[in-house]
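Note sheet for the following structure.
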Amino acid sequence: DDLDQIIERAISIGVQKFVITGGSLEDSKEALRLAQTREDLYSTAGCHPTRCGEFEAVGPDQYLSELTQLAQQNPGKVVAIGECGLDFDRLEFCPKETQLSCDVICDYLIYDDVITCDRYFEKQFDVAEDTRLPMFLHCRNSHQDFLDIMKRNRDRCVGGVVHSFDGTAGEAAALVDLDLYIGINGCSLKTEDNIESMKSIPTERLMIETDAPWCGVKTTHAGSTHVNTTFPTKKRWEQGHCMKDRNEPCHIIQVLEVMAATRGEDVEELSNTIYNNTLKVFFS
């Protein structure tokens, strides 16, 4: 367990706060337990779209109730609701029908169809509304459905960030129009098209992240030549080293360097703006 070393490496390059993402009810509980071990660790509470089958296994009402309690009983530590959203890339984990589960109730007596859509993404707006916490959002190959749900529920949440964004400039603009922030990591910077989309996002709407241990900036990624900061790395674990192909919080500086260079912005100024954006959403 080299968590302390991982945290210290990140602190050494300027990271001040760490948000541990909950991907399910149990993950959220574990994330909170970890967050409670250090003042600079925080967590989220929510259910990732690929895990939304758990709503049906536990029971939607109980699941939502426990998520709400987890957030309400730990103010200052649980800072967002999520990770929640839609993911149509990995339907083997949770089919679209479950992510967008709908029951149609027909009232034949008055010849009127009443459609109640019990969407497991949409249900988590109940938690966001009750807790008044921002949302940590996931949208993968599902932009229009995601946008439709956000538009229906935008006034129920105080705001949020769509993390790990890899969509088009037009999709980014639609999210900004909803007063949302957009999170960028290594997976957001794979191609030249990705970079052009990122460049289109107003600086005051940007956040950066690692999504560690995944989504690092790889040498095959467009823009990787702009990475200036590297860390001692080994293929296998060794004291004081990063591990090859394991993304860490310290690598967030590489995301920043690629973004600043391709946007033609000063690294420190971009960093300060993004940091203030993050404080405004999650820590104000």
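Taking the working numbering, the leading residue of the sequence shown gets 56, the next gets one more, and so forth. Ideal Cβ placement from N, Cα and C applies to all residues, glycine included. All values reported here derive from a predicted model rather than from experimental measurement.
query: C-beta contact flag for Glu293 and Ala267 at 8 Å; result: no
query: Nearest-angstrom Cα separation, counted from Glu312 out to Val282; result: 6 Å
query: Residues that DSSP places opposite Asp142 in a beta bridge; result: Arg195
query: Check whether Val134 and Phe286 have beta carbons under 8 Å apart; result: no
query: 8 Å Cβ cutoff met for Ile136 and Thr76; result: no
query: As assigned by DSSP and simplified to three states, the class of Leu233; result: coil
query: Close Cβ partners of Ala316 (< 6 Å) along its chain, the five nearest in sequence each way excluded; result: His281
query: Beta-carbon proximity of Gln127 to Thr186, cut-off 8 Å; result: yes
query: Anticipated Cβ contact below 8 Å, Val182 with Leu122, distance rounded; result: 5 Å
query: Residues near Thr328 by beta carbon distance below 8 Å, same chain, minus five either side; result: Thr258, Glu259 and Leu261
query: C-beta contact flag for Glu109 and Leu80 at 8 Å; result: yes
query: Best match in Asp200, Asp57, Phe73 and Leu58 for proximity to Tyr330 [C-alpha to C-alpha]; result: Phe73
query: is_contact[Phe176, chain D] using C-beta, thresh 8 Å; result: Of the chains in the structure shown, none is chain D; there is only one protein chain.
query: Nearest to Gly241 (by Cα), restricted to the options Phe220, Ala228 and Leu233; result: Phe220
query: Helix, strand or coil at Ser98 [DSSP, three-state]; result: strand
query: The beta strand (DSSP E) enclosing Phe73, as first and last residue numbers; result: Phe73 to Ile75
query: Burial state of Arg93 (16 or more Cβ within 10 Å); result: exposed
query: Spatial distance of Gln309 from Val272 (CA atoms); result: 7 Å
query: Residue interval of the alpha helix (DSSP H) (run including Ile329); result: Val322 to Phe337
query: Residue from Leu192, Pro115, Ser83 and Cys107 with nearest C-alpha to Asn129; result: Ser83
query: Cβ-heavy atom distance, Leu119 to the ligand COA, below 7 Å; result: No copy of the ligand COA appears in this structure; indeed no ligand is present at all.
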